[in-house]
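Here the structure is laid out as structure tokens; the discussion comes afterwards.
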Amino acid sequence: MLRKYVIERNIEGIGAQPVEAMCGVALQSNRVLDELGTGIQWLHSYVTNNKTYCIYLARDEALIREHAKRSGFPADAIVEVKSVLDPTMAPA
Numbered sequence: 689m690l691r692k693y694v695i696e697r698n699i700e701g702i703g704a705q706p707v708e709a710m711c712g713v714a715l716q717s718n719r720v721l722d723e724l725g726t727g728i729q730w731l732h733s734y735v736t737n738n739k740t741y742c743i744y745l746a747r748d749e750a751l752i753r754e755h756a757k758r759s760g761f762p763a764d765a766i767v768e769v770k771s772v773l774d775p776t777m778a779p780a
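Position one of the sequence shown corresponds to residue 689 (this note's numbering), numbered consecutively onward.
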């Protein structure tokens, strides 16, 4: 079973990178994901000035760390998502 994780990556100046650089990052990540197989999937990332917050599905935290090592991206914090809270959960 795949679990959902949030990965915080500290990358100085990432938010100022041009689209071409972001495409290169995505390409590198996808190559490593292909090598690692079906136990890990990148859903999307939120980019801020100096960090990214990446949402992944993975078998375990070790696989996320292996992806970070092979791709060359930091994984400064990895936390498992226990549940999702959204506005539709409030009673009318």
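Idealized CB from N, CA, C, for every residue including glycine.
None of these values were measured; they are calculated from a predicted model.
query                                                                                                                                                  : result
Can you say whether Thr736 is buried or exposed, counting buried as having 16 or more other CB atoms within 10 angstroms of its CB?                    : exposed
Quick check for students: name the residue ranges of the alpha helix (DSSP H) that lie wholly in the segment 690-738, counting only runs of 4 or more. : 707-724
Can you tell me the Cα-Cα spacing of Val769 and Gly727, whole angstroms?                                                                               : 17 Å
Under the three-state reduction of DSSP, which class applies to Leu751: helix, strand or coil?                                                         : helix
Could you tell me the alpha carbon to alpha carbon distance between Ala704 and Gln716, rounded to whole angstroms?                                     : 19 Å
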